[in-house]
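Q: Protein chains in written order, with the numbering used here: chain C, 1 to 568; chain E, 569 to 1136. Note that beta-carbon positions come from the ideal geometry of N, C-alpha and C, so glycine has one too. So that we are looking at the same thing, I have put the structure below in structure tokens.
Protein chains: 2
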Amino acid sequence: MLTHGHFSMTLRSLARSHRLQRHMLNLYLRSCTVESVFDRKHSTEARLKAGNGKETTKWGIALTGALLGIGTVLIYGVPKKRVAQAELTTHTVATSTFPLYSKKDVSKHASMESRVWVTYEGEVFDITEFIELHPGGSRIMLAAGGALEPFWALYGVHKNEHVLEILKEYKVGELNSAEKDEPVDESDPYSQEPSRHPVLKVNSMKPFNAEPPPYMLTENFITPTDLFFKRNHLPVPRINPNDYKLEIERPNGKTQDKPLNLTLSDLKTKFPKHEITVTLQCAGNRRSEMSAVKPVKGLDWNSGAISTAHWAGARLRDVLLEAGYTEDCSQAQHVHFEGLDRDMTGTNYGASISFQQAMARENEVILAYEMNGQELPQDHGFPLRVIVPGVVGARNVKCLGKIIVSKEESGSHWQQNDYKGFNPCVDWDNVDFASSPSIQDLPVQSAITEPHPGQKVTPNFEGELTVKGYAWSGGGREIVRVDVSVDGGKTWKVAELTGEKQKTGQAWAWKLWQLNVPFPSNISDFTIICKAVDSSYNVQPDTVAPIWNLRGVLNNAWHRVHVTVDTE
Amino acid sequence: MLTHGHFSMTLRSLARSHRLQRHMLNLYLRSCTVESVFDRKHSTEARLKAGNGKETTKWGIALTGALLGIGTVLIYGVPKKRVAQAELTTHTVATSTFPLYSKKDVSKHASMESRVWVTYEGEVFDITEFIELHPGGSRIMLAAGGALEPFWALYGVHKNEHVLEILKEYKVGELNSAEKDEPVDESDPYSQEPSRHPVLKVNSMKPFNAEPPPYMLTENFITPTDLFFKRNHLPVPRINPNDYKLEIERPNGKTQDKPLNLTLSDLKTKFPKHEITVTLQCAGNRRSEMSAVKPVKGLDWNSGAISTAHWAGARLRDVLLEAGYTEDCSQAQHVHFEGLDRDMTGTNYGASISFQQAMARENEVILAYEMNGQELPQDHGFPLRVIVPGVVGARNVKCLGKIIVSKEESGSHWQQNDYKGFNPCVDWDNVDFASSPSIQDLPVQSAITEPHPGQKVTPNFEGELTVKGYAWSGGGREIVRVDVSVDGGKTWKVAELTGEKQKTGQAWAWKLWQLNVPFPSNISDFTIICKAVDSSYNVQPDTVAPIWNLRGVLNNAWHRVHVTVDTE
């Protein structure tokens, strides 16, 4: 009878001698282990296979899966009895108390060289030996030196007792529960901020700005809330929902100009709840490529400053009608949103959109109190934010405090002296912010999320390479095509698009795309390029330099990812 | 006292010895001689100066104008007495009957080598000696070998007696009034077509497709109707307006399904008249640049398949409401337009737009019966056509016969198997027309209209070159910037935009633009590039090849014009 130890060793040697097969195994399993909103049925099946497989089912899978996937299904599906036996034969389990470690101690073990430690529910594990066997491939390293919980929250397959049993094999200690958190500096306006997912690439701590690794964006059509890019201009305020009131200025001369005040409960009960799936993108998404041409001022966003969520709230139109505005109100040209987040001088975040944009039913502008079926999180504007579908993130004001209707655009810094595009020859010595319009709806965009720049790639069994990415356009314009080239733009293949069905002119959410391209032969490295087309047949420009601008916004040039061929 | 003959000779020698000054003179005078809708005040002043200048005014202008403009103002403003004297001294005027010429005879005199003849009101003139003195420069050659009337209709400055008097000096004959027109071939479906302006570049005679020289497009914000590009898919029908009826199908089950029939008078009197300035562009505009990359199927349009007019008619929305449709009609997804023009098999031209597009008040879709304040001309859809602002020309169906509301898109050839964009690697062997959406609103576009490709250019007094062009985007997106480069795209200058004020999201008309760029030094030739940005910050792609498609549509790559430096 085979023991778990034998299984592990067999798999390990298999893996070492068959690098290509390991890649296939990972590719196959990734589709089973990612909790996909897209295809719950598939995901559920995968979980069933991984978690509840009985002997017969298991061997059935093993036979049909041949060298693909078998190892992991067995690892995650190994029966308790065998684990117990394996523990006795392959590990010396301490019967005495485990040593205590601090989080800092654990964080020092974040590489193969220093060994890889992780924590789970107060216990510390050395998973160095497991890394190569992990079905999700090297992604397990994301948790190296820290907690597993945030990642298992993303990848539902881990939530079963068999996985826990395997983990226990690697236990080396416990977290010191007496360890105290860092003392809070009450004078720091950022001291009350929420905790964030460790996988995020932090572009600025104060204010907190961070993006997920691009490949994670295309694992789910709806971005998990924890991974949704965080873009804060100011300290995130802590707001007591019971004290919260949204103030809406009345049209001149109506109801004696006393503003309309709405509580959260008013917003939830007095207006129909409207639900929409909307992609938000920061104007600075892909700024790092612009900086590579010539330095710009701004946070160094990679291609992850874009995410998609399902939002719910009251229609702004309904709220404005309630406040007394009508569609033909001549004084009403712009709608200002004032956030409750403010800087040290007491200036609140603010922005505006056109009154027409706000009022047109088909634009579906909402005051959202829910994100992905949950209460809006603090980082995304609790308790209420504006969602302006198809429009740059900066106008989707968070922690909304006040709405003002005006003949003029918002005078805020972010509306007037930021978030505007310029000719590439405009610099900080000659820039005239009044000469450009504020960015509202955004141009057509696409990016490659897999492989990542610099990745060593190998062809699959069919001699192909799988390329993945996202594509989106502003103003409700749907993505109608994504082209991919691996020969510098000489030839292009059309990618397969996936996404929710959306109405014409109301395509607020992105499309994810995927394509197997023939693996270029006899070269050591190559560049993958993608470009998208939207329903207005707008296309992306070929290069970054001619759209370079001093603020590094609006980079929608063809996305290029340079990879090297793994010849090992 | 100076005679006209002396004036002419003095000017001629001046012009010969001062090429640069002649250029300036022409540049200066062009602004005075073009009848600009844009700036009627300016235009009127120019006409007054040119036509009604008294002695004192004339000399005032002469003094202030110095070497600029003086010659022409004098030529066009020379008093009768002097002309009479000039005739006696410089020309032998035949007192006998002039020789008779046919139009064909005249057409043989269309170059300096064969001498330049023109006709006006039945008289024939040899204007070879006047060419160099013409204030409008070499544009006078547009009329060479033909009639002056169509050109004088465009350039109002000619409509005064002094110009006529000068012309009479050059009379050499009369047109043979007995000359018969070509016999009409009644079996030819194209035999009843209207006459067209001779300046148009004809891309196809049957059906008639033609475009104006690009530089003429930027002489007026509103394109003169005669110059508006002509795009016919089929023979132009002759329709008796008294018999005309527009048929609109009723929603299912309403008014016993009897269609709503509207006469021209109904359309003009029963619905409010709505007026809009709209630029129309053929999807094939700038196809010739695409053909240069690789041959495509389609008419060889240069950059003149775009024009702007002021249209008036009934709102389509009002007509559909009258027919019984409501905004929330679930069966209503598309609105089909059927033209009265038909091919030999009896198939009518047809196209469709979305029902939402048709009904949204802000989209301003109209059933137009007027173009530039006149009855719709035959070539532009008499007696009624659809104007869908911001949408490709092909959906602006002419000679409208029938409107059908449907759950499906129009099944017409032009909707389903034409006017669609494809990946550049799709060819006629593998094209699947069902895989691409029909073109509706168009992407951001711009082109250089002056100088023209291959032109020999010289710097002005300031060492600059004046570059002109147009820019437009579909979907009501306004042009917010045009960049011009004369160094291959390394540096860019921002052009000055002119145009009518338009509402946000309803910018249906183009912007004209102009820029004086520093004349590149020490080179014999260079390329001028322009690129535009619209209010969604969409930009034009850098090159044509990556957007090439087998039908040669949607070319909106940077426009490049290669010129040579005139070193004489």
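If we ignore side chains and look at the alpha-carbon of each, how far apart do L133 (chain C) and P241 (chain C) end up?
A: Distance between the alpha carbons of L133 (chain C) and P241 (chain C): 47 Å.
Q: Do T527 (chain C) and R560 (chain C) count as a contact pair if the criterion is CB distance below 8 Å?
A: Cβ atoms of R560 (chain C) and T527 (chain C): closer than 8 Å.
Q: For M371 (chain C), name the three-state secondary structure that DSSP assigns.
A: Strand at M371 (chain C).
Q: Answer yes or no: does any C-beta atom of chain E fall closer than 8 Å to that of G489 (chain C)?
A: By this cut-off, G489 (chain C) is an interface position.
Q: Which bits of chain C does W556 (chain E) rub up against, with CB to CB less than 9 Å?
A: Outside the displayed span of chain E (569 to 1136) sits residue 556 (chain E), for which this structure offers no information.
Q: Exposed or buried, what is V554 (chain C) when buried is set at 16 or more other beta-carbons lying within 10 Å of its beta-carbon?
A: The question names Val, but residue 554 (chain C) is Leu in the sequence shown. Its Cβ being crowded by 16 or more others within 10 Å, L554 (chain C) is buried.
Q: Among C:F337, C:W472, C:A153, which residue has its Cα nearest to the Cα of Y349 (chain C)?
A: Here the closest residue by C-alpha is C:F337.
Q: Would the region 512-527 of chain C count as touching the region 389-404 of chain C if we require 3 or more Cβ pairs under 8 Å?
A: The region 512-527 of chain C is not in contact with the region 389-404 of chain C.
Q: Once you ignore the five residues that flank P1011 (chain E) on each side, which residues in its own chain have a CB closer than 6 Å to its CB?
A: Cβ neighbours of P1011 (chain E) beyond the five flanking positions: N1124.
Q: So, for K206 (chain C): in the same chain, excluding its five sequence neighbours on each side, which residues have a beta-carbon less than 7 Å away from its beta-carbon?
A: Hits under 7 Å: Y190.
Q: What does Q1013 (chain E) pair with, by DSSP beta-bridge criteria?
A: Paired residues: E:W1040.
Q: I want to see whether chain C comes within less than 8 Å of P1011 (chain E), judged by CB atoms only; does it?
A: So yes, P1011 (chain E) belongs to the interface.
Q: Below 7 Å on C-beta distance, what does N1106 (chain E) contact in chain C?
A: Result: P443, V444, N538.
Q: Among the candidates C:S111, C:G390, C:V494, C:M344, whose CA atom is the shortest distance from the CA of S187 (chain C)?
A: Checked all of C:S111, C:G390, C:V494, C:M344; the closest Cα to S187 (chain C) is C:M344.
Q: So is N853 (chain E) buried or exposed if we call it buried at 16+ other beta carbons inside 10 Å?
A: So N853 (chain E) counts as buried.
Q: Can you give me the Cβ contacts of P1027 (chain E) inside the same chain, cut-off strictly under 7 Å, excluding the 5 residues immediately before and after it?
A: The residues are L1033, F1087.
Q: At the 8 Å Cβ level, is G1042 (chain E) part of the contact set with chain C, yes or no?
A: By this cut-off, G1042 (chain E) is an interface position.
Q: Of all the alpha helix (DSSP H) runs that stay within the bounds of the region 186-274 of chain C, which reach a length of 4 or more residues?
A: If we require 4 residues or more, the alpha helix (DSSP H) runs fully inside the region 186-274 of chain C come out as 214-217, 264-269.
Q: I'd like the ranges of any beta strand (DSSP E) spanning at least 3 consecutive residues and lying wholly in the region 666-729 of chain E.
A: Segments of the beta strand (DSSP E) lying fully in the region 666-729 of chain E: 683-688, 691-694.
Q: Roughly how many angstroms separate the alpha carbons of P272 (chain C) and S102 (chain C), rounded to a whole number?
A: P272 (chain C) and S102 (chain C): Cα-Cα distance of roughly 50 Å.
Q: Let me confirm a value: N372 (chain C) is counted as buried when at least 16 other C-beta atoms fall within 10 Å, else exposed. Which label applies?
A: It counts as buried.
Q: Compute the minimum distance between the beta carbon of K1069 (chain E) and the heavy atoms of the ligand ADP, and state whether it is under 7 Å.
A: In terms of ligand content, the structure shown is empty, and the ligand ADP therefore cannot be addressed.
Q: On the CB-based measure, 16 or more other CB atoms within 10 Å of its CB, does W510 (chain C) come out buried or exposed?
A: The residue is buried, with at least 16 neighbouring Cβ atoms inside 10 Å.
Q: Is there a Cβ of chain C sitting closer than 8 Å to that of G1073 (chain E), yes or no?
A: So, interface residue.
Q: Chain C beta carbons: is any one of them nearer than 8 Å to that of G872 (chain E)?
A: No, G872 (chain E) lies away from the interface with chain C (no Cβ there is under 8 Å from its Cβ).
Q: Per the DSSP calculation, S580 (chain C) is bridged to which residue(s)?
A: Any answer about residue 580 (chain C) is impossible in this case: the structure gives chain C only from 1 up to 568.
Q: If you pair each beta-carbon of the region 313-329 of chain C with each one of the region 268-282 of chain C, do three or more pairs fall below 8 Å?
A: Taking 8 Å as the limit for Cβ pairs, the verdict is that the region 268-282 of chain C does touch the region 313-329 of chain C.
Q: For L968 (chain E), decide whether its Cβ has a neighbour in chain C, counting only Cβ atoms nearer than 8 Å.
A: L968 (chain E) does not count as touching chain C.
Q: Who are the neighbours of K1099 (chain E) on chain C, taking C-beta pairs under 8 Å?
A: Simply P546.
Q: Would you tell me roughly how many angstroms separate the C-alpha atoms of G145 (chain C) and A110 (chain C), rounded to the nearest one?
A: Those two C-alpha atoms are separated by around 4 Å.
Q: Based on the DSSP output, what are the partners of F905 (chain E) in its beta bridges?
A: DSSP lists E:A919, E:I971 as partners of F905 (chain E).
Q: Does the distance from the CB of G304 (chain C) to the CB of P213 (chain C) come in under 8 Å?
A: Yes, Cβ-Cβ distance for G304 (chain C) and P213 (chain C) is below 8 Å.
Q: Within its chain, find whatever has a CB closer than 6 Å to the CB of V1133 (chain E); leave out the 5 residues flanking it on each side and keep chain order.
A: Excluding residues within five positions, the ones whose Cβ falls inside 6 Å are S1092.
Q: Would Q192 (chain C) be called buried (16 or more neighbouring beta carbons within 10 Å of its own) or exposed?
A: Exposed is the call here.
Q: Cutting at 8 Å between CB atoms, please list the residues of its own chain near W558 (chain C), excluding the five before and the five after it.
A: So the list reads G489, I529, C530, K531, Q540, P541, D542, T543, once near-sequence residues are dropped.
Q: Quick one: give me the first and last residue of the beta strand (DSSP E) that A314 (chain C) is part of.
A: That run of the beta strand (DSSP E) goes 306-315.
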